[in-house]
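Before any comments, here is the structure.
Number of protein chains: 2
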Amino acid sequence: MTATSFSPHISRQFDQELEDIRARVLAMGGLTEAQIADALEALCDGNSELAEQVIENDIKVNTLEVSIDEDCTQILARRQPAATDLRLVVAVGKTITDLERIGDEAEKIGHMALHLAENQCPKSYYVGLESMGNHVRAMLHDALDAFARMDSESALKVASEDPKVDQEYVAILRQLITYMMEDPRSIARAMDVIWSVRALERIGDHASNICENVIYLVEGKNVRHVSLEEMRKKVRPESD
Amino acid sequence: MTATSFSPHISRQFDQELEDIRARVLAMGGLTEAQIADALEALCDGNSELAEQVIENDIKVNTLEVSIDEDCTQILARRQPAATDLRLVVAVGKTITDLERIGDEAEKIGHMALHLAENQCPKSYYVGLESMGNHVRAMLHDALDAFARMDSESALKVASEDPKVDQEYVAILRQLITYMMEDPRSIARAMDVIWSVRALERIGDHASNICENVIYLVEGKNVRHVSLEEMRKKVRPESD
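Right, here's the structure in full:
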């Protein structure tokens with residue numbers, strides 16, 4: 001099912017408030033997307049300045065989370081939303097938690113980029129990492145897009161990418177462990193790359209969580225902790 | 241401030257519902273505490289059976305999360321809570337997310353315990369890990385206690401433990417990296433221990449988050465992303 005639209009409220013002001021939190025979530029999402037992109041660039045290009053900027057910018061992500069969270073509580077207290085409106089507020093509350101954690105992971109990559117830039121890490125260590133990074137960034141982008149369009153089918157499609165990210169993660173990890181075994185002096189450096197890859201893997205998980213929130217919002221069904229197969233059935237019950 | 245109590249509601253049924261979700265959060269907390277204890281024991285004693293049990297039990301934690309989350313949404317929809325009641329529902333919603341993630345981390349330790357039991361990991365690798373594990377378990381226990389008693393001062397005290405856990409984490413990590421450099425054949429094994437220590441560090445973070453939820457619930461002040469010093473000022477404004 002696609003593009004359920006909100007029914008108009010008696011209070012235009014209320015409509016505006018709901019529209020505002022949706023827009024603010026998307027703005028927060030755009031910021032975290034940019035943080036991932038910058039963190040990756042800082043890491044792969046050894047750009048310390050950009051890494052420091054990513055670390056500093058995390059406070060913007062955090063501030064947005066607190067502010068949108070307060071908006072949600074205000075709406076619950078003053079508007080006492082029901083049905084789809086309530087689901088929107090609940091889904092937004094969960095989504096901003098995931099976005100905030102994605103921001104934290106981008107910040108961690110920023111710190112690792114700083115260490116690695118100091119230690120002149122060979123490019124071979126980043127093989128696979130950049131493409132995995134672009135993969136999870138695309139997942140986040142598409143998850144936010146599904147949220148914006150209230151499109152549960154797209155959300156499902158994005159969530160289906162996560163197992164592939166996990167496979168990339170395992171392959172990169174294995175490669176890095178081989179490097180460490182071949183050259184034990186590289187261990188500390190390789191560990192910094194490992195933490196970065198781990199952070200990317202977590203970003204993929206959070207992007208999937210956002211997809212679950214979209215499915216909850218659109219379909220009114222909780223799909224947390226269910227397999228992709230079951231999720232599919234809940235989004236497209238007609239195909240059973 | 242300590243032990244703010246709920247004012248009685250016109251509807252006894254509503255009082256009962258709020259009391260129920262509080263009790264269920266504590267039950268879920270007790271289960272995750274037991275999961276951490278079992279995961280640690282499985283790891284340190286090389287007990288594969290117990291490790292498998294921890295992995296299986298994670299579904300119980302997940303099921304509780306989904307069920308309490310639904311209770312919260314029901315209360316929001318039907319009771320339209322305000323003031324402290326609304327804060328309770330919001331704080332419960334956040335706390336169960338943290339508890340569920342703690343459960344995930346315990347499960348990860350369970351998987352690592354399985355690997356390590358197969359690979360006969362020497363006891364020296366676990367030096368520090370057991371005590372760090374007990375530390376974060378105590379943090380979770382005390383955080384849940386602060387939640388049960390609505391005691392923001394205790395919550396603050398628990399959150400103040402987190403930097404110490406982070407120090408333990410860094411020290412253990414350094415030690416493990418030394419082992420890896422001394423004996424590169426041990427790298428894969430040491431990595432499994434590293435993932436377990438990382439999981440413990442994350443559990444400490446989530447226990448701190450629960451403390452922040454308690455402070456929000458009792459004091460009505462959002463203390464996410466603020467320093468411990470600022471948190472202290474918000475909990476004990478009289479000491480400024």
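Going down the list, the sequences are from chains B and E.
For the first sequence, counting from 1, position 49 maps to 49 in this note's numbering; every step adds exactly one.
If you want this note's numbering, it's the 1-based position in the second sequence plus 240.
Beta carbons: idealized from backbone N, C-alpha and C, even for Gly.
Residue i, DSSP secondary structure in three states
i, result
"D151(B)", "strand"
"E161(B)", "coil"
"H446(E)", "helix"
"P424(E)", "helix"
"A322(E)", "coil"
"C121(B)", "coil"
"N222(B)", "coil"
"L280(E)", "helix"
"G270(E)", "helix"
"R189(B)", "helix"
"R476(E)", "coil"
"V127(B)", "coil"
"S307(E)", "helix"
"S196(B)", "helix"
Under 7 Å by beta carbon: chain B residues contacting residue i
i, result
"T272(E)", "The contacting residues do not exist; T272(E) stays about 15 Å from chain B at best."
"N374(E)", "In chain order: nothing, as chain B lies at least about 25 Å away."
"H465(E)", "N62 and V66"
Distance, residue j Cα to residue i Cα
i, j, result
"V306(E)", "A282(E)", "27 Å"
"V405(E)", "D69(B)", "28 Å"
"M1(B)", "E153(B)", "Residue placement at M1(B) cannot be trusted, given a pLDDT of 43 that sits under 50; what the coordinates show is reported in the next sentence. Rounded to whole angstroms, M1(B) to E153(B) spans 7 Å at the Cα level."
"N47(B)", "A113(B)", "8 Å"
"R12(B)", "V89(B)", "17 Å"
"N213(B)", "P477(E)", "37 Å"
"L339(E)", "T63(B)", "24 Å"
"A27(B)", "A91(B)", "16 Å"
"R389(E)", "L176(B)", "48 Å"
"D255(E)", "K334(E)", "21 Å"
"V376(E)", "N359(E)", "26 Å"
"L271(E)", "S124(B)", "44 Å"
"D285(E)", "V367(E)", "13 Å"
"I21(B)", "D71(B)", "7 Å"
"P122(B)", "E105(B)", "23 Å"
"A395(E)", "N209(B)", "28 Å"
"R79(B)", "S436(E)", "45 Å"
"E219(B)", "A34(B)", "29 Å"
"H141(B)", "A159(B)", "12 Å"
"A3(B)", "A146(B)", "Since pLDDT at A3(B) reaches only 43, below the 50 mark, its modelled position is unreliable, and no value is offered."
"L457(E)", "M180(B)", "47 Å"
"G373(E)", "T84(B)", "42 Å"
"I455(E)", "H225(B)", "29 Å"
"R327(E)", "T313(E)", "13 Å"
"D445(E)", "D402(E)", "7 Å"
"V463(E)", "S371(E)", "28 Å"
"S186(B)", "L50(B)", "24 Å"
"A23(B)", "K221(B)", "23 Å"
"A383(E)", "M471(E)", "15 Å"
CB contact below 9 Å: residue i versus chain E
i, result
"E65(B)", "yes"
"E70(B)", "yes"
"A77(B)", "yes"
"Q80(B)", "yes"
"H115(B)", "no"
"D240(B)", "Only weak support is given to the placement of D240(B): the predicted model assigns it a pLDDT of 48, under 50, and the value that follows is read from those uncertain coordinates. False, the Cβ-Cβ gap to chain E never drops below 9 Å."
"A207(B)", "no"
is_contact[residue i, chain B] using C-beta, thresh 9 Å
i, result
"T244(E)", "Because T244(E) carries a pLDDT of 45, less than 50, the predicted location of this residue cannot be relied on, and no value is offered for it."
"N297(E)", "no"
"M431(E)", "yes"
"A267(E)", "no"
"A323(E)", "yes"
Chain E contact residues for residue i, given Cβ-Cβ distances below 9 Å
i, result
"G93(B)", "V330, G333 and K334"
"M139(B)", "Here the premise fails: no neighbours, minimum Cβ distance about 19 Å."
"L86(B)", "T313, L316 and A317"
Closer than 8 Å: residue i CB and nearest the ligand FAD heavy atom
i, result
"L304(E)", "The model depicted lacks the ligand FAD and carries no ligand whatsoever."
Chain-ordered neighbours of residue i on chain B, where CB pairs are closer than 9 Å
i, result
"N359(E)", "Per Cβ cutoff of 9 Å: no residues; N359(E) is ~14 Å from chain B at best."
"P362(E)", "What P362(E) touches in chain B: nothing, since even the nearest Cβ is about 18 Å away."
Beta-carbon neighbours of residue i, restricted to chain B and to distances below 8 Å
i, result
"N462(E)", "V66, D69 and E70"
"I482(E)", "The displayed coordinates of chain E run from 241 to 480. Any statement about residue 482(E) would go beyond what the structure contains."
Contact belief for residue i with residue j at Cβ below 8 Å, rounded distance in angstroms
i, j, result
"L129(B)", "I172(B)", "6 Å"
"V54(B)", "G110(B)", "4 Å"
"A247(B)", "A322(E)", "One cannot answer for residue 247(B) here, as it falls past the ends of chain B, which runs 1 to 240."
"A430(E)", "K348(E)", "So it is not a contact: roughly 16 Å between Cβ atoms."
"I342(E)", "I434(E)", "At roughly 19 Å, the Cβ-Cβ gap does not stay under 8 Å, so I342(E) and I434(E) are not in contact."
"E259(E)", "I315(E)", "E259(E) to I315(E), Cβ: 12 Å. No contact."
Chain E contact residues for residue i, given Cβ-Cβ distances below 8 Å
i, result
"M181(B)", "P424, R425 and I427"
Below-9 Å beta-carbon distance, residue i vs any chain D residue
i, result
"A411(E)", "Chain labels in this structure do not include chain D; the protein chains are B and E."
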